[in-house]
Every structure is written in structure tokens, then in C-alpha cells.
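K.L.:
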Amino acid sequence: MRKVKTKRANIITYTRPSIKSIPANHYEISGQEHIVYPCIKGWFEIRRVDKDNLKSVEFIRREDIRYSLETKIIILKEKARRLKQIKLLTIKYLKRALSLGGQSIHRVKNILFTKEVSK
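Numbering of the sequence shown is given in this note's numbering, commencing with residue 2 and proceeding in unit increments.
#1: Tell me whether R17 sits in a helix, a strand or coil according to DSSP, three-state version.
#2: To the nearest whole angstrom, what separates the beta carbons of G32 and T7, a pair I think is in contact under 8 Å?
#3: Fully enclosed by the region 61-88, which alpha helix (DSSP H) runs are 4 residues long or longer?
#4: Identify which residue in R9, I66, C40 has its Cα closest to the Cα of S19.
#5: Which same chain residues, not among the five before or five after R3, have their C-beta less than 6 Å away from its C-beta?
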């Protein structure tokens, strides 16, 4: 789930993730906020609830939206957290490989790429 805004005026959403499908909605003002869900590459899904409590789904292209500042901050924090985990695991595996000393390179590769956790 991401919070996005439309990039420009006259944005068309579709009933299916295809330009050739039936247009579902037409947004004439730029900067309108939407909550979208990733669907397939290049498309996002907008889930709406109408005034009649009917659920409808629209699809919008990636080129027509931009992430809001809050969403960009969340994405960057997630990336930083993943990179920190990778860094810690890499350091742990390198220390483990160096502690083996004169072991063969195949033994070091096997140890580095196994998912064992040493205590």
C-alpha cells in the first residue's frame, strides 16, 4: 500500500491493467492523492468504495503517478534496514571464513553460502 499523487492533469484509469481496456475514471486535476497497491510491473491498483458501499477496482499506470514524501521516506527506511542486515551478515560470514585458516576454497564457499547460524 502506497500513498501517491497524480503527476499531471487528465489522467485516465482503466478497468484492467491495459491501455486497450475500458477507461474507468478520468482525473482532470493534477496532484490528487490516491492509495495504491502494486499489481503487475508498471501498473498499480486503486481500490475504491463508492457511496453505495460497492467496491470497485481501477488500474493506473506507473508513469501517471508520483510517490508522496511520506512514502519515499518509508521506502528509504526499508532499504536502509535491509542493507544493514546484509552488512551484518556479510561481516559475520567473512569472520567465519577467515577463522578457518588453511581450509580449501571450496570449504570456505560451502560455509559462506549455507544458512547455518553459528553460536
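Quick reminder that beta carbons are idealized off the backbone N, C-alpha and C, glycines included.
P.N.:
Result, derived from the coordinates:
#1: coil
#2: Contact holds; Cβ gap of about 6 Å.
#3: none
#4: C40
#5: V37, T72
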